[in-house]
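Trainee: Sequential numbering of the sequence shown, starting at 1396, is according to our numbering.
Sharing a structure here in C-alpha cells format.
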Amino acid sequence: MISLIDTADIEEGTSRGIELDNHYMFAVKKDDQLFLYWNRCPHLGTPLEWEENRFLDSDAALIQCSTHGALFQIEDGRCLAGPCKGKHLQAIPFIVVNGMITVEESALRISTPL
Ligand code: FES
1396 MISLIDTADI
1406 EEGTSRGIEL
1416 DNHYMFAVKK
1426 DDQLFLYWNR
1436 CPHLGTPLEW
1446 EENRFLDSDA
1456 ALIQCSTHGA
1466 LFQIEDGRCL
1476 AGPCKGKHLQ
1486 AIPFIVVNGM
1496 ITVEESALRI
1506 STPL
C-alpha cells in the first residue's frame, strides 16, 4: 500500500495535484467526500490543472480542463460539456488509512488507453 496525501491537507471544495514516481493524479474534496483521478484529460491526454493544485472551475462545482475547458462531474468524472462530452476521467481506487489517501501499488500500474 502507498500513502499519497494527508486528507487534512485537502480543504473542502478544493483540489490537490499528486505526483508519485512520474504518476500524476489529483484529489478533490467535496461535501467531505474525497475523489481521486489520474491527471489526464480524456480529450487529448493532457494534464488538467489551470495552475498548481487548481483543477476546479470558478464555482468549485466541476473539474475543468485548462486546455479546452471540458467540464467533468467531481463525483464520477463524467464529462458534461466540451470536446470529450460523455467520456470519463479515470478514477483511482483508494482507501483512507490513518487519515492518508492510500492506494494499492497495482492501482498505479494500470494504464488505460484514452
Ligand atoms: S485536452 Fe482537455 S478539453 Fe481538450
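Note that beta-carbon positions come from the ideal geometry of N, C-alpha and C, so glycine has one too.
Quick check: what's the CA-CA separation for Met1495 versus Thr1402?
Mentor: 6 Å
Trainee: Label Pro1508 either buried or exposed according to how many other C-beta atoms from any shown protein chain fall within 10 Å of its C-beta, with 16 as the threshold for buried.
Mentor: Bear in mind that a pLDDT of 48 at Pro1508, under 50, signals an unreliable position, so the number given afterwards is only what the model happens to contain. Classification of Pro1508: exposed, given that the 10 Å Cβ count is below 16.
Trainee: When you compare only the Cα positions, how much space is there between Gln1468 and Ala1455?
Mentor: A straight-line Cα-Cα distance of about 11 Å links Gln1468 and Ala1455.
Trainee: Please classify Ala1465: does DSSP put it in a helix, a strand, or coil?
Mentor: coil
Trainee: Candidates Gly1464, Ser1461, Cys1479, Ile1400: which alpha carbon is nearest Leu1431's?
Mentor: Ranking the options by Cα distance to Leu1431, first place goes to Ile1400.
Trainee: Of the residues Asn1434, Pro1437, Thr1497, which one's Cα is nearest the Cα of Ser1398?
Mentor: Thr1497
Trainee: Who's in the neighbourhood of the ligand FES, going by beta-carbon under 7 Å from any heavy atom, listed in chain order?
Mentor: Cys1436, His1438, Leu1439, Thr1441, Leu1443, Cys1460, Thr1462, His1463, Gly1464, Ala1465, Gly1477, Pro1478, Cys1479
Trainee: Return yes when the Cβ of Leu1457 is within less than 9 Å of the Cβ of Leu1475, no when it is not.
Mentor: yes
Trainee: Do you know how far the Cα of Asp1427 is from the Cα of Leu1484?
Mentor: 20 Å
Trainee: Within the continuous beta strand (DSSP E) that includes Trp1433, where are the two ends?
Mentor: 1428-1433
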